[in-house]
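Worksheet: one structure, shown below.
In my numbering, the protein residues as written are 464 to 581.
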């Protein structure tokens with residue numbers, strides 16, 4: 464898993480490339496842990512280059528969603544492929560995660576300007 468973090472204001476953006484499985488979830492969680500002390504209110508995960516999510520990946524998403532919710536923020540996912548979108552829907556966690564087609568939509572949402580994509 465390749466992870467590119469960018470913290471700007473109160474938005475942490477992670478660009479992920481690889482599989483969010485047992486091996487990829489650990490590094491993602493480590494990066495998140497390193498940034499949580501900087502107290503980002505919003506976390507945007509660019510998932511355009513993530514082709515697989517396992518239960519370990521779902522766990523990271525749920526932990527992150529709970530952490531951001533506690534800060535009155537949100538976890539936003541961008542660019543989910545059809546497989547990942549279906550997985551999130553069938554595991555009944557879609558309502559906990561804001562989903563967007565583009566980074567611009569996710570950033571506008573985090574700034575309070577637009578609702579999430581259905």
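Note that the Cβ used here is the ideal one computed from N, Cα and C, for glycine as well.
### Query
Hey, how far is the Cα of residue 547 from the Cα of residue 480?
13 Å
#### Entry: Rounded straight-line distance, which links the Cα of residue 569 to that of residue 517
23 Å
### Message
Between the alpha carbons of residue 564 and residue 573, how many angstroms are there, rounded?
### Response
14 Å
### Task
Would you mind listing the beta strand (DSSP E) stretches within the segment 516–561 that are 3+ residues and don't spill past its ends, in chain order?
537–541
### Task
Find the nearest neighbour of residue 540 within the set 507, 528, 465 and 485, judged by alpha-carbon distance.
507
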